[in-house]
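Residue numbers (our numbering), protein chains in the order written: chain A, 218 to 497; chain B, 218 to 497.
Beta carbons: idealized from backbone N, C-alpha and C, even for Gly.
Encoded as structure tokens, the structure appears first; notes follow it.
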């Protein structure tokens with residue numbers, strides 16, 4: 218396995234691999250790898266000749282008051298994990314490699330879709346995500362790119378961008394991986410203290426019980442949201458950002474909660490922001 | 218020569234050509250082809266195995282009050298011209314192929330650079346240009362793309378986008394082609410009546426004489442702009458939009474007109490808007 222830090226080097230390598238007819242699977246990450254990331258890599262390994270993982274904490278997707286600086290970084294440990302799975306290359310550029318002085322091109326997915334949920338709570342977040350993902354796609358030129366359903370709105374947004382801009386690759390969406398007690402894997406989970414970690418379990422518990430209760434019946438979406446909010450509020454350490462039931466394809470609001478909906482939740486636990494979701 | 222109308226078909230073809238190791242030169246146009254376009258195609262023919270020309274009047278780069286609808290269209294004549302030069306493929310998609318219902322992804326080059334000159338006079342114009350050019354690059358995946366210096370700000374903008382987004386191709390800039398009397402070739406020249414056509418000559422005349430006068434000396438940029446404005450104003454049919462002297466690399470304002478500057482002019486003649494420029 219090789220670690221590549223220069224854009225030009227990565228771009229040349231991609232050309233060589235394409236020239237040899239190798240199929241390329243790409244897993245974009247911000248490092249601090251956990252089982253969720255590893256599951257994407259294993260899937261990519263199965264479906265492609267070569268797997269490339271990017272590790273880049275992208276400053277343009279963090280707000281000024283967000284955790285870009287303290288976001289966990291450990292390239293050595295990440296590289297060991299990648300190596301075990303059979304990743305061929307890690308692309309780990311510096312911020313200056315990706316955004317040199319005078320950088321000024323940004324991609325916006327306009328309209329409702331990016332202005333709700335995460336887009337509303339984190340203004341500019343998706344502009345940063347779309348831009349860095351498009352750059353990484355152009356640098357690496359993969360045949361397939363793997364994204365987790367944990368960041369559900371991001372997954373839909375990347376799919377939309379790829380479709381709109383005719384980027385020639387396939388987005389593969391992969392299920393959320395959870396700890397044995399149900400907490401969705403996230404690099405931010407390390408921020409949680411022991412008590413906080415315990416209260417975070419409420420997210421998966423309430424999403425899972427709601428999913429089960431909606432499997433064979435329908436319900437008023439607003440009432441169902443209120444019910445979820447009420448249950449989460451019983452955990453004193455958890456502060457709700459949003460709880461919303463929306464259409465799973467395009468996140469448009471729905472009146473009735475039923476099959477084909479997605480329930481999306483964002484909360485603060487202390488200084489840590491967690492998101493989770495479940496598709497019904 | 219083949220005319221291709223579907224995005225998916227063009228994308229598949231590009232893959233096949235790449236697989237065969239063919240180098241691909243791309244000339245994006247809005248049709249109504251003239252000698253300026255043909256010079257780009259000839260250069261592309263020389264430097265690549267296969268030449269692909271796109272013909273697409275891109276609605277997103279026109280303002281609501283602009284000439285998108287009446288913009289000249291003649292695919293049959295354009296195809297004949299392309300064929301003579303040895304173009305391999307024309308990509309001529311419909312508006313709906315390029316912007317299907319629900320389309321919402323746009324590329325912005327932020328900052329000064331797009332807010333001056335054409336960007337100021339035509340709000341949203343460069344957002345439309347950047348977006349359609351990125352789409353065409355993704356669909357056609359050329360090794361080289363050819364742009365004329367006539368649309369100088371557009372040329373710089375496309376170069377900037379390619380650099381910022383790491384799009385893996387080379388932008389080749391080609392000199393402005395002029396009629397024998399000096400008028401810069403433009404698809405919009407056909408709008409001009411005989412008298413208008415004559416008064417349009419003032420643009421090249423004043424740019425050319427200024428270029429000569431600045432070849433071996435320097436001058437105050439504001440004074441030089443005023444001098445140009447004065448000369449153009451002698452033509453009663455010509456209404457000035459802007460006359461500006463700027464740095465040729467990034468269009469930043471300059472105090473001194475000298476080598477390394479570009480003089481950019483936009484005027485209205487009747488209902489027709491013309492632009493021209495000269496690099497000193």
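Can you find a CB in chain B that lies within less than 8 Å of the CB of residue i?
i                      : result
residue 389 of chain A : no
residue 240 of chain A : no
residue 327 of chain A : yes
residue 261 of chain A : no
Could you confirm whether any beta carbon from chain A is found closer than 8 Å to the beta carbon of residue i?
i                      : result
residue 275 of chain B : no
residue 330 of chain B : yes
residue 352 of chain B : yes
residue 346 of chain B : no
residue 224 of chain B : yes
Grab me the residues of residue i's own chain with a C-beta within less than 7 Å of its C-beta, minus the 5 sequence neighbours each way, in chain order.
i                      : result
residue 498 of chain B : Residue coverage of chain B in this structure runs from 218 to 497, which leaves residue 498 of chain B outside it and unanswerable.
residue 228 of chain A : 356
residue 166 of chain B : Since the first residue shown for chain B is 218 and the last is 497, residue 166 of chain B is missing from the structure and cannot be characterised.
residue 438 of chain A : 462, 471, 472, 473 and 474
residue 333 of chain B : 468
residue 421 of chain A : 395, 399, 400, 401 and 493
residue 407 of chain A : 289
residue 323 of chain A : 344 and 348
residue 246 of chain B : 254, 270, 271 and 272
residue 220 of chain A : 296, 307 and 309
Closer than 9 Å by beta-carbon distance: list the chain B residues that pair up with residue i, in chain order.
i                      : result
residue 385 of chain A : 228, 231, 232, 355, 356 and 358
Can you pull the chain B neighbours of residue i, defined as C-beta to C-beta under 7 Å?
i                      : result
residue 324 of chain A : 322 and 324
Would you say residue i reaches chain C, if we count a Cβ-Cβ gap shorter than 8 Å as a contact?
i                      : result
residue 436 of chain B : Absent from the structure is chain C; the protein chains it does hold are A and B.
Beta-carbon within less than 8 Å of residue i's beta-carbon, same chain only, minus the 5 sequence neighbours each way: which residues are those?
i                      : result
residue 419 of chain A : 448, 449, 451, 452 and 455
residue 425 of chain B : 399 and 495
residue 393 of chain B : 253, 365, 366, 367, 401, 402, 493 and 494
residue 476 of chain A : 431, 432 and 497
residue 267 of chain A : 234, 239, 240, 241, 242, 305 and 306
residue 315 of chain B : 224, 273, 275, 349 and 352
residue 378 of chain B : 324, 326, 347, 350, 351 and 384
Chain A partners of residue i, CB-CB under 7 Å?
i                      : result
residue 502 of chain B : What the structure shows of chain B is the stretch from 218 to 497, and residue 502 of chain B is not part of that stretch, so it cannot be assessed.
What residues from chain A crowd round residue i, counting only those whose CB sits closer than 8 Å?
i                      : result
residue 378 of chain B : 322
Can you list, in chain order, the residues of its chain whose CB lies under 6 Å from that of residue i, leaving out five sequence neighbours each side?
i                      : result
residue 288 of chain B : 274
residue 443 of chain B : none
residue 436 of chain B : 474
At least three beta-carbon pairs within less than 8 Å, the segment 282–293 of chain B to the segment 324–334 of chain B: No contact exists between the segment 282–293 of chain B and the segment 324–334 of chain B.
In chain order, which continuous runs of the alpha helix (DSSP H) of length 4 or greater are located wholly inside the segment 280–349 of chain A? Counting only runs of 4 or more, we get 292–302, 312–315, 329–332 and 334–338.
For the pair the segment 229–245 of chain A and the segment 347–365 of chain A, tell me if three or more CB-CB distances fall below 8 Å. Between the segment 229–245 of chain A and the segment 347–365 of chain A, the count of Cβ pairs shorter than 8 Å is three or higher; the stretches touch.
At 4 residues or longer, what runs of the alpha helix (DSSP H) sit wholly inside the segment 219–250 of chain A? The segment 219–250 of chain A contains these whole alpha helix (DSSP H) runs: 224–236.
Under 8 Å, with one C-beta from each stretch per pair, do the segment 256–263 of chain A and the segment 288–306 of chain A reach the 3-pair mark? Yes, the segment 256–263 of chain A touches the segment 288–306 of chain A.
List, from N- to C-terminal side, the beta strand (DSSP E) runs of 3 residues or more that fit wholly inside the segment 362–397 of chain B. Every beta strand (DSSP E) stretch that sits fully inside the segment 362–397 of chain B and reaches 3 residues is listed by chain position as 387–391.
Fully enclosed by the segment 414–490 of chain A, which alpha helix (DSSP H) runs are 4 residues long or longer? Fully enclosed alpha helix (DSSP H) runs of 4 or longer: 418–430 and 438–450.
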